[in-house]
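S.K.:
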DNA sequence: TTAATACTGAACAATTTGTTCAATAACATT
DNA sequence: AATGTTATTGAACAAATTGTTCAGTATTAA
């Protein structure tokens with residue numbers, strides 16, 4: 025990719041994240057973004073069709089490298105499995121968020137944009153589906169499988185949000201314990 | 025309240041709910057609302073400062089009579105306790121939503137507006153706090169009290185959303201069982 | 001009947017959005 | 001270093017939307 029394109033794109037993302045952390049998505053104007061990013065108006069629209077697409081692209085940028093990756097044969101798989109095999113994937117995810125807290129954390133805790141949360145939720149859901157057998161001994165027999173997947177996903181998300189809201193005081197290991205115990 | 029005011033207000037709410045069920049809050053224009061509600065532009069702004077306030081007022085309209093009520097001495101209390109004492113409050117809440125599914129249900133299942141969900145969540149949270157002792161025997165000892173309140177609240181909300189998303193096929197009694205068992 | 005109040009609808013300025021275009025700058029390649 | 005390609009710029013533009021104003025009309029409560 026052309027160096028200019030990359031710089032513009034990153035500059036817009038940076039500005040956008042900064043604005044998102046202090047105000048609601050719907051209150052942010054394109055003018056604010058391009059002024060903070062210091063790019064021309066036409067440039068913005070050359071990169072992103074609308075503000076909605078900007079948000080969607082940002083989601084992809086932030087999450088895809090955590091959740092998904094492509095191997096050489098073009099298949100998509102869960103990228104998170106490639107990391108340290110000794111951690112549970114959930115502990116691993118908590119660590120990811122903590123390391124990256126200027127971006128993912130900031131956005132997940134500012135309860136602004138469903139699109140963002142929705143995107144993240146889908147990633148976690150995929151993860152949960154792949155690990156649902158770890159929780160099957162805790163599943164009450166009367167609830168349907170689909171309910172249970174939803175349930176575990178929601179608990180993970182809410183644990184994460186609680187952690188972020190309270191300033192990530194606990195270690196990722198302890199939070200993982202909270203998560204696992206409360207399922 | 026003047027009969028005209030009441031009619032106008034209700035007409036706007038009706039139109040707004042109808043629009044909310046088919047498109048995102050941010051995509052709805054004031055023009056669409058007043059055309060569907062069949063009221064003048066100036067009238068709309070005489071009732072609601074902005075579209076945001078309209079949403080907030082709608083939340084109050086739909087939820088306050090479920091969650092809160094004022095007694096004659098002016099104190100606010102949980103209205104839900106006044107209903108059938110034999111039901112658990114949670115079963116009761118599921119019933120409320122089912123009866124009112126053209127409004128509350130429609131809006132909660134269309135994952136559009138955080139303001140709406142946030143408002144609802146606060147009501148549920150108050151409820152959970154008042155009943156947290158019912159769940160204390162299930163609470164893992166390592167998690168903090170505040171975490172646990174969050175957790176139970178989230179499970180209730182997610183159970184409700186799952187139920188709505190799947191067309192409320194289960195009875196309120198069964199869903200309450202799902203909820204209680206998965207805590 | 002009357003006085004107060006709510007509604008109307010059109011007109012208005014101010015913001016915001018998304019597009020266009022010609023000029024300029026940065027880039028990759030030879 | 002020269003060249004052709006591509007990205008960026010900034011200004012100008014129409015269209016859509018917001019929120020306000022006001023004089024005229026209709027409804028209400030008493």
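Protein chains in written order, with this note's numbering: chain U, 25 to 207; chain W, 25 to 207. By construction, the Cβ of each residue, glycine as well, lies at the ideal position given by its N, Cα and C atoms.
(1) Within its chain, find whatever has a CB closer than 8 angstroms to the CB of residue 130 of chain W; leave out the 5 residues flanking it on each side and keep chain order.
(2) So what's residue 101 of chain U in DSSP terms, helix, strand or just coil?
(3) Going by the DSSP bridge assignment, what does residue 92 of chain U pair with across the sheet?
(4) Provide the residue span of the alpha helix (DSSP H) that contains residue 140 of chain W, from first to last.
(5) Classify residue 202 of chain U: buried if its beta carbon has 16 or more other beta carbons within 10 angstroms, exposed otherwise.
(6) If distances are taken between C-alpha atoms only, which option among U:64, U:139 and U:121 comes closest to residue 192 of chain U?
(7) What did DSSP end up calling residue 183 of chain W once you bin it into helix, strand or coil?
(8) Consult DSSP for residue 64 of chain U and reduce its assignment to one of helix, strand or coil.
(9) Between residue 21 of chain W and residue 71 of chain W, which are expected to be in contact by the criterion C-beta below 8 angstroms, what is the C-beta distance as a whole number of angstroms?
(10) Three or more beta-carbon pairs under 8 angstroms between the stretch 168-176 of chain U and the stretch 179-190 of chain W, yes or no?
(11) Which of the three DSSP states, helix, strand or coil, is assigned to residue 41 of chain U?
(12) If you measure beta-carbon to beta-carbon, which residues of the stretch 156-178 of chain W are closer than 7 angstroms to chain U?
(13) Any beta carbon from chain W within less than 8 angstroms of residue 202 of chain U's own beta carbon?
(14) When Cβ atoms are compared, which residues of the stretch 32-46 of chain W fall closer than 9 angstroms to chain U?
(15) Let me know the secondary structure DSSP gives residue 207 of chain U once reduced to three states.
(16) Measure the C-alpha to C-alpha separation of residue 139 of chain U and residue 55 of chain U and round it to an integer number of angstroms.
(17) Using a cut-off of 8 angstroms between C-beta atoms, extract the partners of residue 195 of chain W located in chain U.
(18) At least one CB of chain U closer than 8 angstroms to the CB of residue 123 of chain W: is that the case?
(19) Using three-state DSSP, classify residue 72 of chain U as helix, strand or coil.
M.R.: Reading off the structure:
(1) Counted from its first residue, the second chain places residue 130 of chain W at position 106. Same-chain partners within the cutoff: 41, 44 and 45.
(2) Here residue 101 of chain U refers to the residue found at position 77 when the first chain is read from its first residue. Residue 101 of chain U: strand per DSSP, three-state reduction.
(3) Here residue 92 of chain U corresponds to residue number 68 of the first chain, with the count starting at 1. Residue 92 of chain U pairs with U:102.
(4) For the purposes of this step, residue 140 of chain W is identified with residue 116 of the second chain, where counting begins at 1. Where residue 140 of chain W is concerned, the enclosing alpha helix (DSSP H) stretches over 138-155.
(5) As a first step, residue 202 of chain U must be located in the first chain, where it is residue number 178. Its Cβ being crowded by 16 or more others within 10 Å, residue 202 of chain U is buried.
(6) On the first chain, position 168 is the one that residue 192 of chain U refers to. It is U:121.
(7) By 1-based counting over the second chain, the position of residue 183 of chain W is 159. Looking at residue 183 of chain W - three-state DSSP - the assignment turns out to be helix.
(8) As a position in the first chain, residue 64 of chain U is number 40, starting the count at 1. Three-state result, residue 64 of chain U: coil.
(9) There is simply no residue 21 of chain W to check, as chain W begins at 25 and stops at 207 in what is shown.
(10) For the pair of segments examined, the stretch 168-176 of chain U was found to touch the stretch 179-190 of chain W: the number of CB pairs separated by less than 8 angstroms reaches three.
(11) In the first chain, counting from the first residue as 1, residue 41 of chain U sits at position 17. It is helical.
(12) Correct list: 164, 166, 167, 171, 174, 175 and 178.
(13) Here residue 202 of chain U refers to the residue found at position 178 of the first chain. Cβ-Cβ to chain W under 8 angstroms: yes for residue 202 of chain U.
(14) Contact residues of the stretch 32-46 of chain W toward chain U are absent (C-beta to C-beta distance below 9 angstroms).
(15) Here residue 207 of chain U is taken as the residue at index 183 of the first chain, counted from 1. Residue 207 of chain U carries a coil assignment under DSSP once its states are collapsed to helix, strand and coil.
(16) The residue you call residue 139 of chain U lines up with position 115 of the first chain. The residue you call residue 55 of chain U lines up with position 31 of the first chain. Going by the C-alpha atoms only, they are around 21 angstroms apart.
(17) As a first step, residue 195 of chain W is located in the second chain; it is residue number 171 there, counting from the start. Within 8 angstroms Cβ-Cβ: nothing; residue 195 of chain W doesn't reach chain U, min ~13 angstroms.
(18) Here residue 123 of chain W corresponds to residue number 99 of the second chain, with the count starting at 1. For residue 123 of chain W, no Cβ of chain U is located within less than 8 angstroms of the residue's own Cβ.
(19) By one-based count along the first chain, residue 72 of chain U stands at place 48. Coil, per DSSP.
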